[in-house]
Amino acid sequence: MLNQTKPRLLWLQSITCNGNTHSFLNHPDLFSILSHFEVVHHPMLDSIYSMEELLQGSVPCDVLILEGSFKEEGFLKAGVEVSSLIHAYAQKAKHIISAGTCATFGGIFKQNDPDNISGFCFDLEEKTSRYEHYASKLISLPGCPIHPKWMSYVLLMLANKREIAIDHLHRPVELYGYTVHTGCTRNEYFEWKIDTKNFGLKEGCLFYEQGCQGPYTRGSCNKILWNDVSSKTRAGTPCFGCTEPHFPQTALFKTQTNMGIPAKMPLGVPRRAYLTLTGVVKSFKIKRFSQKLLEYDK
Amino acid sequence: MKIADKKALKRESIIQTALQLFSTNGFHRTTIPDIAAKLQMSVGNLYNYFSSKDLLAQEIIKYTSEALGEKIRDVNLTDDSAEAKIHQIVTIYFTMAKEKPEMIEYFLRVYLANREVFRDGCEGMVCVSGFITEIMIFFDDCVSSGELRNQDFFSAFGLFMGYLGGMVFLQGEEVLPKEIEFYIDDISRNIYNALKA
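Heads up: the sequence lines are chains A and B, in that order. Sequence positions in the first sequence follow the working numbering and run 114 to 411. Sequence positions in the second sequence follow the working numbering and run 86 to 282.
Below, the structure is given as structure tokens:
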């Protein structure tokens, strides 16, 4: 029986790899968070309603989570156009959360059919025809996958009837107001323009040669750590910019440069300002930054 | 005129006078009393503006670098082709070498020849960043537009600026058989051909 005091949560998938579902299952407080809701349907958790009832469009829904890229025609589940299902529940829902870059902007699956596959309300950063209809209840959570705590932040805010401040792409500012660069443990090396010599090392910044997109990618990966422990850049892998509308890009392990100058500047930093600073900073050799960060043999 | 403005004007006139003397007579053969005498000011007052000759020398390289950088910035702000921009930069450089030879001479004969003076305070690119930044922007723009070949910055920078510096040095040595502006077209074309995509 439904508990009418709790908002009813429906998790719907379209063209997806399940990545966001799996990511959310890693939340250490998953069931505590879900206890604030009636989970009417979820692709992997015990739910009140069956798939059959879901396909009939008869399941109640207050919070709709969409996972996966969107295609208006030609993507069917059990003989039903998934788009018609999404539209039916999107109209009922009070809140729509697009979970992941695919559902938000089109993401990886858009690459297969760029003209017909997009996010639900955005196609890259352009508004789709659906935007106007659903914008008032839309919250975007791009990421490949999303961090489980980004989802829990939104869900708990909704459960507590708190307003979520969002930006022009409907991303919560508390989560996407930062860049991935914020909080990176390599920031000293970024400041002194010292690149890491390889992947997986503790020393050096990954921005100059190794393709790191952290300085111009919105996300809180280095503020809200993955598995509460680390992040890509802390572990020594470049940020791939997976929260950005144009994800995925190519040559992810190599910084695109024009005569050694990064082709993309850190977010909002004018090129002239950046290059002036770079020229000055590169003129100094700081001994500590040429040494191993941790010495165990001494 | 406010006192601060007066001081700024005085400061600039010291820089310009010292620039002239250092470039003509050499850094070590020019003394602070020489500069003060030329400006008709007391040595003590000059020290109120610059506490040492080395510091004055460092301020001059920043001043010349900014002056050249500003002119190249104007080129960067145009929508001209890479070939046209190269021609303009060569023209700017050679015109400055002819009309204000002390600006370029200072770089070649004081800054590069007396590294010990600039070691502490003008490390690497610190005092020439006004100029270097604009050259970087020029290269970045021309590679982004597909007109110049993408390569290591210093390979391109050395070819461009080494070439121009060398020509101005030869002019200073009075070795060139013709006026320096005679060489602008050919040198611009050579640089473009060497760097184009």
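Note that beta-carbon positions come from the ideal geometry of N, C-alpha and C, so glycine has one too.
> According to DSSP, is serine 333 of chain A helix, strand or coil?
Replying inline: When secondary structure is reduced to three states using DSSP, serine 333 of chain A falls in the coil class, being assigned neither helix nor strand.
Sub-9 angstroms separation of lysine 336 of chain A and threonine 298 of chain A beta-carbons:
The answer is no: Cβ separation not under 9 angstroms.
- Measuring alpha carbon to alpha carbon, tell me which of B/Glu97, B/Met210 and B/Asn278 ends up nearest threonine 389 of chain A. Threonine 389 of chain A has its Cα closest to that of B/Met210, out of B/Glu97, B/Met210 and B/Asn278.
If you measure beta-carbon to beta-carbon, which residues of the stretch 221-254 of chain B are closer than 7 angstroms to chain A? For the stretch 221-254 of chain B, which is checked against every Cβ of chain A, the residues closer than 7 angstroms are Met221, Ile222, Phe224, Asp225, Val228, Ser229, Asn235, Gln236, Asp237, Phe238 and Ala241.
Exercise. Are any of the Cβ atoms in chain B nearer than 9 angstroms to that of valine 382 of chain A?
Worked result: It does not; no Cβ of chain B falls within 9 angstroms.
Notebook entry, point to check: Helix or strand or just coil, what does DSSP make of lysine 147 of chain B?
Noted result: Correct three-state label for lysine 147 of chain B: helix.
Among B/Gln125, B/Arg114 and B/Glu151, whose alpha-carbon lies nearest the alpha-carbon of lysine 138 of chain B?
That would be B/Arg114, whose Cα lies nearest to the Cα of lysine 138 of chain B.
**OP:** May I ask you to verify whether the stretch 188-205 of chain B touches the stretch 104-111 of chain B, counting CB pairs closer than 8 angstroms and requiring at least 3?
**Re:** Segments in contact, yes.
| said: In this structure, how does DSSP classify methionine 114 of chain A when only helix, strand and coil are distinguished? | reply: Low local confidence applies: a pLDDT of 49 at methionine 114 of chain A is under 50, so the model's placement there is unreliable, with the coordinate-based value given in what follows. In the structure shown, methionine 114 of chain A sits in coil (DSSP, three-state: anything other than H, G, I, E or B).
Looking at the C-beta of methionine 164 of chain A, does it have a partner C-beta in chain B at a distance below 9 angstroms? The beta-carbon of methionine 164 of chain A is placed no less than 9 angstroms from the nearest beta-carbon of chain B.
Q: Take every Cβ of the stretch 199-209 of chain B, pair it with every Cβ of the stretch 177-189 of chain B, and state whether three or more of those distances are shorter than 8 angstroms.
A: Pairwise C-beta distances place the stretch 199-209 of chain B out of contact with the stretch 177-189 of chain B, as fewer than three of them are shorter than 8 angstroms.
Taking Cβ to Cβ, would you say leucine 140 of chain B is nearer than 9 angstroms to serine 98 of chain B?
Contact flag unset, no.
Item to check | Interfacial residues, the stretch 122-138 of chain A to chain B, with Cβ spacing under 7 angstroms | outcome: Under the 7 angstroms Cβ criterion, the stretch 122-138 of chain A contributes no residue.
Checklist line | Pair within 9 angstroms by beta-carbon distance, valine 175 of chain B and serine 240 of chain B | finding: Contact flag unset, no.
Q. Which term fits glutamate 266 of chain B, buried or exposed, when burial requires 16 or more other beta carbons within 10 angstroms of its beta carbon?
A. Classified as exposed, glutamate 266 of chain B has fewer than 16 neighbouring CB atoms from the shown chains inside 10 Å of its CB.
(Q) Between the alpha carbons of histidine 359 of chain A and serine 253 of chain A, how many angstroms are there, rounded? (A) For histidine 359 of chain A and serine 253 of chain A, the distance between alpha carbons rounds to 15 angstroms.
Practice task
Could you run through the stretch 195-219 of chain B and flag, in chain order, every residue whose CB is less than 7 angstroms away from some CB of chain A?
Solution key: Answer in chain order: Glu208, Gly209, Met210, Val211, Ser214, Ile217 and Thr218.
**OP:** Check the Cβ-Cβ distances between phenylalanine 397 of chain A and every residue of chain B, and say whether any is below 9 angstroms.
**Re:** At least one C-beta of chain B is nearer than 9 angstroms to the C-beta of phenylalanine 397 of chain A.
* Asked: Is threonine 368 of chain A close to chain B, meaning its C-beta is less than 9 angstroms from at least one C-beta of that chain?
  -> So no, threonine 368 of chain A is outside the interface.
Note to self: Let me make sure I understand the geometry here. Which of A/Phe235, A/Gly213, A/Gly327 and A/His149 has the alpha-carbon closest to that of asparagine 269 of chain A?
What the structure shows: As written in the sequence, residue 269 of chain A is leucine, which differs from the asparagine given in the question. When each option's Cα is compared against that of leucine 269 of chain A, the closest is A/His149.
Give me the Cβ distance between isoleucine 100 of chain B and tyrosine 148 of chain B, rounded to the nearest whole Å; I'm assuming they're in contact under 8 angstroms. Indeed, because the Cβ distance is near 5 angstroms, the residues count as touching under 8 angstroms.
Q: Helix, strand or coil for histidine 113 of chain B, going by three-state DSSP, please let me know.
A: Reduced to three states, the DSSP call for histidine 113 of chain B is coil.
Check your understanding: For proline 239 of chain A, does the three-state DSSP call read helix, strand or coil?
Key -> Looking at the sequence shown, residue 239 of chain A is not proline but glutamate. Here glutamate 239 of chain A sits in strand by DSSP.
I think isoleucine 178 of chain A touches alanine 212 of chain A, with their Cβ atoms under 8 angstroms apart; what is that distance to the nearest whole Å? Rounded, the Cβ-Cβ distance is 5 angstroms, consistent with contact.
*proline 262 of chain B (DSSP reduced to helix, strand or coil)*: DSSP places proline 262 of chain B in coil when its eight states are reduced to three.
Suppose you measure from the CA of serine 353 of chain A to the CA of isoleucine 259 of chain A; what does that come to, to the nearest Å? Serine is not the amino acid found at residue 353 of chain A; the sequence shown has phenylalanine there. Each residue's Cα considered, the two are about 13 angstroms apart.
- Message: Using 8 angstroms for Cβ pairs, my map puts glycine 349 of chain A next to glycine 324 of chain A. What's the rounded Cβ distance?
- Response: Actually they do not touch by this definition, with Cβ atoms about 12 angstroms apart.
Problem set entry | Contact under 9 angstroms by Cβ, alanine 167 of chain B with lysine 281 of chain B | Yes, the pair counts as a contact, with Cβ atoms nearer than the cut-off.
(Q) Which of the three DSSP states is assigned to phenylalanine 254 of chain B in this structure? (A) Here phenylalanine 254 of chain B carries a helix assignment [DSSP, helix/strand/coil].
Q | Closer than 9 angstroms at the beta carbon, the chain B residues around isoleucine 374 of chain A | A | The contacting residues are Met221, Ile222, Phe224, Asp225, Val228 and Phe238.
Would you kindly work out how many angstroms separate the C-alpha atoms of threonine 309 of chain A and glycine 327 of chain A, rounded to a whole number? C-alpha separation (whole angstroms): 15 angstroms.
When the Cα of glutamine 362 of chain A is compared with those of A/Pro173, A/Pro120 and A/Gly219, which residue comes out closest? Of the listed residues, the one whose Cα sits closest to glutamine 362 of chain A is A/Gly219.
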